[in-house]
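Per UniProt numbering, the sequence shown starts with residue 1, numbered consecutively. Reading through the structure tokens given below for one structure.
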Amino acid sequence: MCCISLPPPSTYRGEGPLGEEDAPDPQAPYGASKLRMENAVDDWHKTFEGGPRSVILRIGNVAGADMLFGNMRAGQSVTLHRLPDGTAPRRSYIAPADLARVIAALVQAPDPARIYNVAAPAVTGMDAIATEAGVPIRWQEAPETALPRGLAEHRQAGRRPAPWPAERPAAAPDRRRAASRAVAMKRGLLRLLDVLYAIGMTVLLAPLLVYVAFRVWREDGRPILYKSERMHAPGKPFQLWKFRTMTVVETDSGVSGGDKAARITPTGKWLRAKRLDELPQLWNVLRGDLGFVGPRAPLRRYVEMYPDLYAEVLKDRPGITGMASMVFHRTEERLLARTTTPEETEAVYCARCIPRKARLDLLYARRRNPCTDMRLMFATVFRRVSMHDRQTRGRKDR
1 MCCISLPPPS TYRGEGPLGE EDAPDPQAPY GASKLRMENA VDDWHKTFEG
51 GPRSVILRIG NVAGADMLFG NMRAGQSVTL HRLPDGTAPR RSYIAPADLA
101 RVIAALVQAP DPARIYNVAA PAVTGMDAIA TEAGVPIRWQ EAPETALPRG
151 LAEHRQAGRR PAPWPAERPA AAPDRRRAAS RAVAMKRGLL RLLDVLYAIG
201 MTVLLAPLLV YVAFRVWRED GRPILYKSER MHAPGKPFQL WKFRTMTVVE
251 TDSGVSGGDK AARITPTGKW LRAKRLDELP QLWNVLRGDL GFVGPRAPLR
301 RYVEMYPDLY AEVLKDRPGI TGMASMVFHR TEERLLARTT TPEETEAVYC
351 ARCIPRKARL DLLYARRRNP CTDMRLMFAT VFRRVSMHDR QTRGRKDR
């Protein structure tokens, strides 16, 4: 019988943050702190004569730590060391089920050792986790003596590690050029398809465009169109065009919430329900301001409030529709409809809408191709995304 402990580090009080290269070293502050806690656990067990044997597990991080990034405030960035080999710090993540199997085996072991180092078969870069969670990264050069955590732990234990990705030869210039050409060709193909779709839809929907314009003019007067400054990249504004759905006021700013509900005209309500107010954006697509699929083009104020976040989101051309628009649109409408003042609308949008939409857009960008764009366009037209597709995306994104 044994008593299994997973002691955390004891409280460490020192000056400045702990360097990643110091973490596994018992002579460094963090490592010494872990050692003190292990010794304290041992001393406590020694007070029980004839009691169960003490077994200490030294484990990596338990899977699920990526929620730390997912719960960060909108626009909040994380600072990571850029190690001398050009990589980010790495962490060893243990699946809870695997940890449970280790503990079960130790409980049944007749003569377990005092300390076990439990490691995952591979390490995960912190930059990959941050990117998956949609959190912008601020890079900071690490000390020249810094090592990736997993590599340092293996060296300390006197074992030869398996080759880490950082130790593999860098890609040859020809391979890098080929990868760049592939990305450029993909973007060129998406742009060509956008132009062809825009021309075809403009011709096909010309009667509808004329009818909507006439109805807005007859029932709500002029102007027929509404324009708003949006950003298709940090520092690159453009004028976004829509059919007007609200009464005209001298000044207007921010997103539309419950505080603006009284300004929506009857025709505007119908246009918004059918998403027909966005038909003039076909002109923006032809100009190159927008694509059909991509993140929603944000207002300048939000790009200036969260520059790091939008620097990542707007790496792709903004679009008329996108994953965030399809998945989160109705939830966003419900959240904002409950607001009663511009200040409340702004607070809800910044705290609850921007981070979720950015996460969805960044996840989609990693898997984007012409086929997924086509599916999203059809889903937008028919106003539905099948439950099967949602469940599939959920499994892949975990």
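Where is the CB? At the ideal position from N, CA and C, for every residue including glycine.
For residue 301, the uninterrupted alpha helix (DSSP H) segment begins and ends at 300 to 305. For residue 110, no beta strand (DSSP E) encloses it, and the DSSP letter there is neither H nor E. Using a Cβ distance threshold of 8 Å, residue 227 and residue 240 count as a contacting pair. Contact check for residue 259 and residue 345: beta-carbon distance about 6 Å, within the 8 Å limit, so the pair qualifies. Of 53, 214, 127 and 316, the smallest CA-CA separation from residue 87 is found for 127. Pairing residue 322 with residue 295, the inter-Cα distance amounts to about 6 Å. Distance between residue 370 and residue 286, taken at the CA atoms: about 18 Å. In the three-state DSSP reduction, residue 330 falls in the helix class (H, G or I). Distance from the CA of residue 131 to the CA of residue 178, rounded to the nearest whole angstrom, comes to 24 Å. DSSP places residue 381 within a helical segment (H, G or I) once states are collapsed to three. DSSP, reduced to helix, strand and coil, places residue 229 within a strand of the structure shown. One thing to note: residue 216 has its Cβ no nearer than 8 Å to the Cβ of residue 247. Between residue 374 and residue 303, the CB-CB gap reaches or exceeds 8 Å. Residue 236 carries a strand assignment under DSSP once its states are collapsed to helix, strand and coil. The DSSP-derived three-state label of residue 80 is strand. A straight line joining the alpha-carbon of residue 282 with that of residue 140 spans about 42 Å. Residue 224 is positioned such that its CB atom lies closer than 8 Å to that of residue 243.
With respect to the C-alpha of residue 78, the residue from 105, 309 and 204 having the closest C-alpha is 309. Rounded to whole angstroms, the Cβ separation of residue 328 and residue 368 is 17 Å, and the two are not in contact under 8 Å. Shown here, residue 291 sits in a strand according to DSSP, grouped into three states.
Under the three-state reduction of DSSP, residue 242 is assigned to strand. In the same chain as residue 341, and ignoring 5 residues on each side of it, the C-beta atoms closer than 8 Å to its own belong to 259, in chain order.
Under the 10 Å beta carbon count, residue 204 is surrounded by fewer than 16 other beta carbons and is classified as exposed. Look at residue 348 here: in three-state DSSP terms it is helix. Partner residues in the beta bridge of residue 321, as assigned by DSSP, are 293. Rounded to whole angstroms, the separation of the alpha carbons of residue 360 and residue 214 is 37 Å.
Annotated three-state conformation of residue 54 is strand, per DSSP. The DSSP-derived three-state label of residue 219 is helix. Residue state for residue 257 is assigned as coil, using DSSP reduced to three classes. Selection 219, 235, 362 and 376 evaluated against residue 293 yields 376 as nearest (Cα-Cα).
One alpha carbon belongs to residue 80, the other to residue 314, and they sit about 22 Å apart.
Counted as a single uninterrupted DSSP element, the beta strand (DSSP E) harbouring residue 138 occupies residues 137 to 141.
Beyond the five residues adjoining it in sequence on each side, residue 280 comes within less than 7 Å, by CB distance, of 225, 241, 242 and 243 in the same chain, given in chain order. The residue among 312, 343, 265 and 379 with its C-alpha nearest the C-alpha of residue 358 is 312.
Within the model, the alpha-carbon separation for residue 273 versus residue 337 is close to 14 Å. For residue 284, the number of other beta carbons within 10 angstroms of its own is at least 16, and it is reported as buried.
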